Amino acid sequence: MAAVTGVAGMVKSWNGAKGFGFLSCTTLPGDIFFGRSELPEDLKEVQGKFMDGRHVVFDAEPNADGRYKATAVAVPYVEGKEIAGKIKTYNPMKRYGFITSSSLTEDVRFQTTDLPQGTDPNAMLREELVSFEVQAMPDGKLRVSSLKFQNKKIAMRHGGMGMMGMPGMPGMMGRMDMGGMGGMGGKGGMGKGGGNMAVDMQAAQAAQAQGLQTGTVKSYGEKNGYGFLNVVGYPMDIKFGCNELAGGMVSPGETVSFSPVQTPDGRIAASNVSSLSSRGNKRPASAMGGMMGMPGMMGMGMPGMMGMGMMGMGGMMKKGPATTETSTGRSAAGMIKTYNSQKGFGFISSPGIPGDVFFMKTSLPAEVQMHGKDLQGKSVNFEVSQTSDGKMRAQNICTPY
-18 MAAVTGVAGM
-8 VKSWNGAKGF
2 GFLSCTTLPG
12 DIFFGRSELP
22 EDLKEVQGKF
32 MDGRHVVFDA
42 EPNADGRYKA
52 TAVAVPYVEG
62 KEIAGKIKTY
72 NPMKRYGFIT
82 SSSLTEDVRF
92 QTTDLPQGTD
102 PNAMLREELV
112 SFEVQAMPDG
122 KLRVSSLKFQ
132 NKKIAMRHGG
142 MGMMGMPGMP
152 GMMGRMDMGG
162 MGGMGGKGGM
172 GKGGGNMAVD
182 MQAAQAAQAQ
192 GLQTGTVKSY
202 GEKNGYGFLN
212 VVGYPMDIKF
222 GCNELAGGMV
232 SPGETVSFSP
242 VQTPDGRIAA
252 SNVSSLSSRG
262 NKRPASAMGG
272 MMGMPGMMGM
282 GMPGMMGMGM
292 MGMGGMMKKG
302 PATTETSTGR
312 SAAGMIKTYN
322 SQKGFGFISS
332 PGIPGDVFFM
342 KTSLPAEVQM
352 HGKDLQGKSV
362 NFEVSQTSDG
372 KMRAQNICTP
382 Y
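Numbering (our numbering), first residue to last: -18 to 382.
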């Protein structure tokens, strides 16, 4: 029996109090033991059911008794699952900070209002272990939601009541998601064509059943005849034209479904764009005017409307340039670390490239796009491109599928 690397598996059981658990995988026999010391630093205090059923990537070496023991256990990000992390910075005066996580490729911003209920807003939180969920902002960056401390000791040290394994204890006004205030205007209330729009859940479910993607309208100019979408987990704006609108006009902040297509220059564009918003629930501008400038409103919105943008909020958000992507002219080999077929994106781990490499479904071979779902752990070759902010992306992926 020889040591192996880059094995994909699943957590079968985990005892946080005792600090060990077992993995299962299809390529190695029996249950595979792993201890707390083999986890990344930001996962060593996770409690409750956080690890149960998690997909992991690990190395393994045989023990003297012939059984395998896992080493270097990594926990990739899976949409909808809690993430473990460590507070990297926190400034009580500016009322925000950043969390770093071994499961993510970038740091995530949080605000004082995201802290568990009862936490001292002036506490020194740097290096504290937390768990959280994420949502994507209109500029493609990630932001924290549902923030908790990893154990009771940390929570009590800072006066906070929220911790892993306990029911969520939202803070001010129910800690409403940032998404629900989509369309608020920077000047005098509402942005052009904006407004709070509830998502039609039946339409959303139908779109998902058809294999369509969902995103948020970042901007749309009827005069120019085109607009841009934001999609959770995809770092660039996705362009669409007025001729691609399948259900009439759309407004900034609306959630839409669409079909992604790859343009000749390798970029992603949207076709068959259709609103998923219940337009009957659209709130008039007069109902929202006067909410601008109220303290503590940053990061609050209507629950369940994750991903509804914040276009038009004037000085409350900085608008950055759209990210561009350029081929580096080189190829690389790696392994698919995680892939979400419904959302249409994933990450590749490659020995020659630091960090995980993002890819879109449209970069996979056509037959894999249609039928490939369980791609985690597959070996691949790909062309390397680089975004304008220096991150690596995978294009023209070849798989043995």
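Here a beta-carbon is modelled for each residue, glycine too, at the ideal position from N, C-alpha and C.
All values reported here derive from a predicted model rather than from experimental measurement.
*asked:* If you reduce the DSSP assignment to three classes, tell me which class residue 344 lands in.
replied: helix
*Alpha carbon of residue 231 to alpha carbon of residue 121, nearest angstrom*: 20 Å
*Where residue -8 and residue 5 are concerned, what is the direct C-alpha to C-alpha distance, given to the nearest angstrom?*
6 Å
_Where residue 334 sits in the DSSP three-state scheme_ = coil
*residue 172 (DSSP reduced to helix, strand or coil)*: Since pLDDT at residue 172 reaches only 37, below the 50 mark, its modelled position is unreliable, and the value read off the structure follows with that caveat. Residue state, collapsed to three classes: coil.
*6 Å Cβ shell around residue 184 - same chain, five flanking residues per side excluded*: 257
*asked:* Suppose the cutoff is 8 Å on Cβ atoms and the five residues either side in sequence are ignored; what does the same chain contact list for residue 85 look like?
replied: 58, 64, 66, 115, 123
*Decide if residue 118 is buried, meaning its Cβ has at least 16 other Cβ atoms within 10 Å, or exposed.*
buried
*The alpha helix (DSSP H) with residue 133 in it runs from where to where?*
133 to 138
_Using CA atoms only, rank isn't needed, just tell me which of 24, 74, 62 is closest to residue 82._
24
*Give a yes or no on contact between the stretch 367 to 377 and the stretch 0 to 14, applying the rule of three or more CB pairs nearer than 8 Å.*
no
*Straight-line Cα distance separating residue 239 from residue 253*: 5 Å
*Give the range of the beta strand (DSSP E) segment to which residue 237 is assigned.*
236 to 243
_residue 332 versus 56, 320, 243, 363, residue with shortest Cα-Cα distance_ = 363
*Is the stretch -18 to -8 touching the stretch 32 to 48 in the sense that three or more CB pairs, one from each, lie closer than 8 Å?*
yes
*asked:* Let's test the definition: count the other Cβ atoms within 10 Å of the Cβ of residue 236 and tell me whether it reaches 16, buried, or not, exposed.
replied: buried
*Sub-8 Å separation of residue 125 and residue 89 beta-carbons*: yes
*asked:* Distance check for residue 11 and residue 219, CA to CA, integer angstroms please.
replied: 45 Å
*Quick one: what does DSSP say residue 269 is sitting in, helix, strand or coil?*
Summary for residue 269: the model assigns pLDDT 34, below 50, so the residue's position carries little reliability, and this model does not support an answer.
*With burial defined as no fewer than 16 other Cβ atoms inside 10 Å of the residue's Cβ, what is the status of residue 46: buried or exposed?*
exposed
*Expected contact under 8 Å - CB spacing of residue 349 and residue 375 to nearest Å*: With a Cβ gap of about 13 Å, residue 349 and residue 375 do not count as contacting.
*asked:* Taking the straight line between their C-alpha atoms, what separation do you get for residue 217 and residue 311?
replied: 22 Å
*Rounded to whole angstroms, what's the CA-CA distance from residue 8 to residue 49? Just pull it up for me.*
11 Å
*asked:* Among 358, 377, 313, whose alpha-carbon lies nearest the alpha-carbon of residue 342?
replied: 377
_Among the candidates 75, 129, 108, whose CA atom is the shortest distance from the CA of residue 97?_
129
*Are residue 206 and residue 223 close, meaning C-beta to C-beta below 8 Å?*
yes
*How is the beta strand (DSSP E) around residue 386 delimited, first residue to last?*
The first residue shown for the chain is -18 and the last is 382, placing residue 386 beyond what the model contains.
*asked:* Whole angstroms are fine: how far does the CA of residue 135 sit from the CA of residue 75?
replied: 22 Å
_Closest to residue 242 by C-alpha separation, out of 101, -17, 43, 347, would be which residue?_
347
*For the beta strand (DSSP E) holding residue 123, just list the boundary residues, first then last.*
123 to 130
*asked:* Taking the beta strand (DSSP E) that residue 314 belongs to, which residues open and close that run?
replied: 306 to 321
*Using DSSP bridges, identify the partner residues of residue 63.*
For residue 63, which the question treats as bridged, DSSP gives no partner whatsoever.
*When burial is assigned at 16 or more other CB atoms within 10 Å of the CB, is residue 344 buried or exposed?*
buried
*residue 365 to residue 101, Cα distance in whole Å?*
45 Å
*Let me know if residue 211 comes out buried or exposed under the rule of 16 or more other beta-carbons within 10 Å of its beta-carbon.*
buried
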